[in-house]
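I have placed the structure first, in the form of structure tokens, so that the comments after it can refer back to it.
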Amino acid sequence: MLNMTNVVFYVAHQLMNAYPSTAIAWFTAGCYYYMIKKYEHARRFFHKALRFDGRFAPAWVAYGHAFAQHDESDQALAASLGRRLQPGPGDLPVWNHV
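Position in the sequence shown (first residue = 1) + 151 = our numbering.
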């Protein structure tokens with residue numbers, strides 16, 4: 152894996168300054184902390200991203216991975232499944248009983 156922590160830090164900083172109320176900004180900051188192995192901080196940022204957009208699938212996946220780094224398998228599984236448990240208006244059922 153390329154060591155891109157400086158680039159991710161810079162992008163996260165720019166996004167947080169420009170778009171502090173968006174999931175992508177908080178997610179990117181969480182990715183930085185995940186990359187430097189500060190998993191508790193990463194989880195906080197991923198959680199904040201999900202508060203802005205609970206349907207932001209990359210944040211759910213990363214949130215689950217951050218829990219898994221501390222062998223918190225129950226929370227990791229719950230976070231990984233979290234996206235599937237929150238259907239939205241754009242989600243159509245596979246089978247519609249007519």
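Every residue gets a Cβ at the ideal spot worked out from N, C-alpha and C, and that includes glycine. None of the values given here were measured: they were computed from a predicted structure.
No Cβ-Cβ contact shorter than 7 angstroms links V158 with T179.
A distance below 7 angstroms separates the beta carbons of Y183 and F160. Per DSSP, the unbroken alpha helix (DSSP H) holding G181 starts and ends at 174-186. In the same chain as H192, and ignoring 5 residues on each side of it, the C-beta atoms closer than 7 angstroms to its own belong to Y184, in chain order. Residue environment analysis places A208 among the exposed positions, since fewer than 16 neighbouring C-beta atoms fall within 10 angstroms of its C-beta.
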